[in-house]
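In what follows, a single structure is set out as structure tokens and then discussed.
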Amino acid sequence: MSLRDFGPNELMFLLLATRWTILLALIAFAGGGVIGLVVAAIRVAPARPLRWLAAAYIQFFMGTPILIQLFMAYYGSSLLGYRPDPWVAAAVTFSLNGGAFFGEIFRGAIEAIPRGQWEASTALGFRFVRTLRLVIIPQAVRLMLPPTVGFMVQIVKTTSIASLIGLTELARAATQVNTVTFQPVMVFGTVSIIYFALCWPLSLYAGYLERRFATGTTRRVETPLGMSAV
Amino acid sequence: MQTALQFGPILVHLDLLLRGLEKTIQLAALSILFGTAIGVLGAVGRSFGPRFLSWPIACYVELIRNTPLLIQLYFVFFSLPLFGFKLSSNTAAVVALSIHLGAYATEILRAGIEAIPEGQIEAAKSLGLGRYRIIRHVVLVPAARAVYPSLSAQFILQIMGTSIVGAIAAEELTAVANNLVMQTFRSFEVYIVIALIYFALVQAASLLFAGVGRLMFRWKV
Chain A
8 MSLRDFGPNE LMFLLLATRW TILLALIAFA GGGVIGLVVA AIRVAPARPL
58 RWLAAAYIQF FMGTPILIQL FMAYYGSSLL GYRPDPWVAA AVTFSLNGGA
108 FFGEIFRGAI EAIPRGQWEA STALGFRFVR TLRLVIIPQA VRLMLPPTVG
158 FMVQIVKTTS IASLIGLTEL ARAATQVNTV TFQPVMVFGT VSIIYFALCW
208 PLSLYAGYLE RRFATGTTRR VETPLGMSAV
Chain B
70 MQTALQFGPI LVHLDLLLRG LEKTIQLAAL SILFGTAIGV LGAVGRSFGP
120 RFLSWPIACY VELIRNTPLL IQLYFVFFSL PLFGFKLSSN TAAVVALSIH
170 LGAYATEILR AGIEAIPEGQ IEAAKSLGLG RYRIIRHVVL VPAARAVYPS
220 LSAQFILQIM GTSIVGAIAA EELTAVANNL VMQTFRSFEV YIVIALIYFA
270 LVQAASLLFA GVGRLMFRWK V
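Protein chains in written order, with the working numbering: chain A, 8 to 237; chain B, 70 to 290.
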């Protein structure tokens, strides 16, 4: 027996919860992108200790499950004296985790730019940051774009685990609706369609970019680890 | 200082942690096995099967790759009992994880199969090899060899992906961690220990996959 049936109200509830999934994905994308850029820059920087630090950062975030990272951020915040807040924990975790993956994507693109470009701009008197900003990154963008869009799909899907620390986004709304209607096929079917509607256009666009940029370039930057865990 | 980290209360429960680790390895191993099997069937079905199979396989791959594992997990766990399949949490987890990996494995292996030059298959045909032997020896094994790095990277992700099956009350390392948090109230320390265990597991698995790859694909190209 269920308390109520899956009707327009339940569908509306799911669609409204989708806002938070999208917002969380945007935060993760922005935060991860900025951190990723810094991490990638450090990874190719001349200072060796800094490079090791960035490598350790990437190793940690790619080598442990994101759910554990999320729990650490959520429960660790109380250790630092803050009240645990699922939004803060999720935003921080997804940004830091995304930063590691974006860092690898950007580094791959940066390293695909021929060495001579670095040498030429050094010869022109450019220092590291200006070389990176004015010479290397403008050329690397077309290489990093397809895997970046591909990783956005990954981010949207990963936001679903924020439900496990109590953040009411789409996945959590789904379990709530399922509890009162007990129509799992309907509920999770609908939610799958919503996620699919968010992710599939991005997947198609990533595929399109990959094919488009594949012509004329010999090197391709793979999304690290073949991507997607959760 | 009140906030000093204390690992003592957690390491007392080492036996629980090890049992959780065992369950995690079990979930990962079973789902990798079944997922790869699905991937082989899916990839061969798409490239060599009848036309009417290729569209459903493509749908399966796209659907799974564009929805979260967590939703797939819920779907399997809550829906299958309605159709008369009463599964335990861990069985449901293996089913969902296998279906999940199956889609990625299909896509990865298909890329490998498509990279096999047509001439190689024609050469095998002219040698009089049968359809089954061509698919197995001339296409599948070289394709698997070519995409083995991507495949093993996906396996590693699968191992880390098992961490979310606690959401349907399945037993594994993360679920053990959550129980320990409730017992010891040492949440941060628990998750540090768990993170280290996962990290060690992932490193060990990488070494294992690299070793297996070297053993399986020993011949020179």
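Ideal Cβ placement from N, Cα and C applies to all residues, glycine included.
Within the segment 148-165 of chain B, those residues whose Cβ lies closer than 8 Å to any Cβ of chain A are, in chain order, S148, L151. Contact check for R50 (chain A) and R149 (chain A): beta-carbon distance about 20 Å, past the 8 Å limit, so the pair fails to qualify.
Using a CB distance cut-off of 7 Å, Y260 (chain B) counts as an interface residue toward chain A.
Using a Cβ-Cβ distance cut-off of 8 Å, the segment 173-190 of chain A and the segment 24-36 of chain A are in contact, since at least three pairs of beta carbons, one from each stretch, lie closer than that value. Nearest CB-CB separation between I233 (chain B) and chain A: below the 7 Å threshold.
In the displayed model, K194 (chain B) falls within a helix according to three-state DSSP.
Taking a cut-off of 8 Å on C-beta distances, the segment 153-172 of chain A does not touch the segment 118-134 of chain A, as fewer than three cross pairs fall below it.
Between I133 (chain B) and A172 (chain B), the C-beta spacing is below 7 Å. Between S221 (chain B) and chain A, the shortest Cβ-Cβ separation is not below 7 Å. Under the Cβ distance rule, S167 (chain B) does not count among the residues neighbouring chain A, no pair being separated by less than 7 Å.
Counting along the chain, the unbroken alpha helix (DSSP H) around Y212 (chain A) starts and ends at 191-221.
For E240 (chain B), there is no enclosing alpha helix (DSSP H), as DSSP marks it with neither H nor E. Per DSSP, I261 (chain B) is one residue of the alpha helix (DSSP H) stretching across 256-285. At a cut-off of 7 Å, the C-beta of P208 (chain A) has no neighbouring C-beta in chain B. Rounded to the nearest whole angstrom, the C-alpha separation of S232 (chain B) and A269 (chain B) is 15 Å.
Among the residues of chain A, those whose CB is under 9 Å from the CB of Y143 (chain B) are A178, A181, T182, N185, P191, V194, F195, V198, following chain order. If the five residues before and after L44 (chain A) are omitted, its C-beta is found closer than 7 Å to the C-beta atoms of F113, all from its own chain and listed in chain order. By the beta-carbon neighbour count (other beta carbons within 10 angstroms, threshold 16), R255 (chain B) is buried. Scanning its chain for C-beta atoms nearer than 7 Å, with the 5 sequence neighbours on each side dropped, one finds around T197 (chain A) the residues L18, L21, in chain order. Look at E176 (chain A) here: in three-state DSSP terms it is coil, with no helix or strand label. Three or more beta-carbon pairs drawn from the segment 265-279 of chain B and the segment 212-229 of chain B are found closer than 8 Å, and the two stretches are therefore classed as touching. By the neighbour-count criterion, in which a residue is buried when 16 or more other Cβ atoms sit within 10 angstroms of its Cβ, I200 (chain A) is exposed. When DSSP states are grouped into helix, strand and coil, W288 (chain B) belongs to the coil group.
Contact between the segment 193-205 of chain B and the segment 152-168 of chain B is not established, with fewer than three Cβ pairs separated by less than 8 Å. Per DSSP, the continuous alpha helix (DSSP H) segment holding N104 (chain A) begins and ends at 93-118. For K164 (chain A), the enclosing alpha helix (DSSP H) covers residues 144-165. Under the Cβ distance rule, A236 (chain B) counts among the residues neighbouring chain A, one pair being separated by less than 7 Å. Chain-ordered listing is empty here: chain B has no CB closer than 8 Å to the CB of M159 (chain A), the nearest sitting near 12 Å. Any Cβ of chain A closer than 7 Å to the Cβ of Y267 (chain B) would place that residue at the interface, and such an atom is present. Per DSSP, reduced to three states, the secondary structure at L74 (chain B) is coil, with no helix or strand assignment.
Residue-level contact check: G173 (chain A) does not touch chain B, since none of the beta carbons of chain B fall below 7 Å from its beta carbon. Across the segment 70-94 of chain A, CB contacts with chain B closer than 7 Å involve G70, T71, P72, L74, I75, F78, M79, Y82, G83, L86, in sequence order along the chain. If one requires a minimum length of 4 residues, the alpha helix (DSSP H) runs lying completely within the segment 152-196 of chain B are 158-183, 187-195, in chain order. In the structure shown, the three-state DSSP call for H206 (chain B) is helix. Contact between the segment 27-37 of chain A and the segment 81-99 of chain A is present, with at least three C-beta pairs closer than 8 Å. Put simply, the backbone Cα of L216 (chain A) is about 10 Å away from that of S210 (chain A).
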